[in-house]
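First residue of the sequence shown: 2, per my numbering; consecutive thereafter. Each residue gets a CB set at the ideal place from its N, CA and C atoms; glycine is no exception.
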Amino acid sequence: MGKKKLNLAILDMYDGEPNQGMRCIKDIIGRFESQLNYKVFDVRGKSELPDVQDFDIYISTGGPGNPLEGDGNWDLKYFDFLDQIWIWNQNHNHKKYILLICHSFQMACKHFGLGQLTKRKSTSFGVMSVHKTAEGKQDRMLQNLDNPFWAVDSRDYQVVQPDHKKFKVLGAKILALEKIRDHVQYERAIMAIRFSDEMVGTQFHPEADPISFLNHLKKTEVKEKIIASKGKAKFRAMIEHLVDEDKIFKTNETLIPNFLENSIQRVKKSQLLNLV
2 MGKKKLNLAI LDMYDGEPNQ GMRCIKDIIG RFESQLNYKV FDVRGKSELP
52 DVQDFDIYIS TGGPGNPLEG DGNWDLKYFD FLDQIWIWNQ NHNHKKYILL
102 ICHSFQMACK HFGLGQLTKR KSTSFGVMSV HKTAEGKQDR MLQNLDNPFW
152 AVDSRDYQVV QPDHKKFKVL GAKILALEKI RDHVQYERAI MAIRFSDEMV
202 GTQFHPEADP ISFLNHLKKT EVKEKIIASK GKAKFRAMIE HLVDEDKIFK
252 TNETLIPNFL ENSIQRVKKS QLLNLV
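What follows is the structure, encoded as structure tokens:
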């Protein structure tokens, strides 16, 4: 008999829209097909959420729109789901592991009260440097990434002004911050948080691969919007970053695989302990 696979749930926050991000996530999970089965739940489109006890690992995707708004149904169910994950991990040896990306990360920060979720003065979009904190340098999810490392950033909102008391109560840690912008007075946004040993999130898109992002940049409306707001030089720089193996490609090859490998190892270890 073959080894039993673990179960992974993808929480789709894309609002029913076909999205390259989902393709990228499925592609990464496919590298672990000998160890994982997965199922997709349409959170925003159909208010679908998994039963916490049925899955070992979760990835909650990015998505368009305002993270401060919901329809009073799916958003409340989602917040309840986050609480269920948290409570489960407080009361069981067999932990549940979850990665929260962009929109999901913002909603989790809001829910747990870790900082202020605010609208940016302008959209942050492109290939950006992400800077590890002291805690981030030690964190297993960011292992084998440079400091700074590079990632696709796409957001109209940001998490700033961390509530350090709440961080201490939860045992949460800031893992990464956005680049230093000397020419403006704005506070640096939080780019990654370890909410707990089992729950971690990124503001950026670690799933993005060079091909999907290049295809996105080739869209006429996207190209024209970037050039209008950032200029042709910035647009060319984005293209150059995509062909650099030490930038987007390395983050895609490293961060989510780190999360999955560590989560799989820890779930299997707890399963063995339960058999003893």
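message: Quick check: the segment 141 to 148 against the segment 249 to 265, are at least 3 beta-carbon pairs closer than 8 Å?
response: Taking a contact to require three or more Cβ pairs closer than 8 Å, the segment 249 to 265 and the segment 141 to 148 qualify as touching.
- prompt: Does the distance from the CB of L50 to the CB of L101 come in under 9 Å?
  reply: Against a cut-off of 9 Å, the Cβ pair of L101 and L50 comes out as no contact.
query: Would you report the Cα separation of N20 and V223, rounded to the nearest angstrom?
result: About 15 Å.
- request: May I ask you to report which of helix, strand or coil DSSP gives Q117?
  value: Assigned with DSSP and collapsed to three states, Q117 falls in strand.
- prompt: What residues match up with Q280 in a beta bridge as DSSP calls it?
  reply: Outside the displayed range of the chain (2 to 277) lies residue 280, so it cannot be described from this structure.
field: DSSP-derived helix/strand/coil call for R32
entry: When secondary structure is reduced to three states using DSSP, R32 falls in the coil class, being assigned neither helix nor strand.
message: Given a cut-off of 9 Å on the beta-carbon distance, is the pair G137 and L176 in contact?
response: The answer is yes: Cβ separation under 9 Å.
- request: Below 8 Å on the Cβ atoms is my guess for I86 versus M14; work out the distance and round it to an integer in Å.
  value: About 15 Å; that fails the 8 Å criterion.
query: How many angstroms separate the CA atom of K220 from the CA atom of I227?
result: Their backbone Cα atoms lie some 11 Å apart in a straight line.
Backbone secondary structure at N8 - three-state DSSP: Three-state DSSP puts N8 in a strand.
Buried or exposed (CB count within 10 angstroms, at least 16 for buried), E208: E208 sits buried, since 16 or more C-beta atoms from the chains shown fall within 10 Å of its C-beta.
- prompt: What are the boundary residues of the alpha helix (DSSP H) that T221 is part of?
  reply: Where T221 is concerned, the enclosing alpha helix (DSSP H) stretches over 221 to 231.
message: For a test of the three-state rule: what should DSSP assign to S123, helix, strand or coil?
response: Correct three-state label for S123: strand.
query: To the nearest whole angstrom, what separates the beta carbons of V128 and H242, a pair I think is in contact under 8 Å?
result: Contact between V128 and H242 holds: CB atoms are separated by about 4 Å, below the 8 Å threshold.
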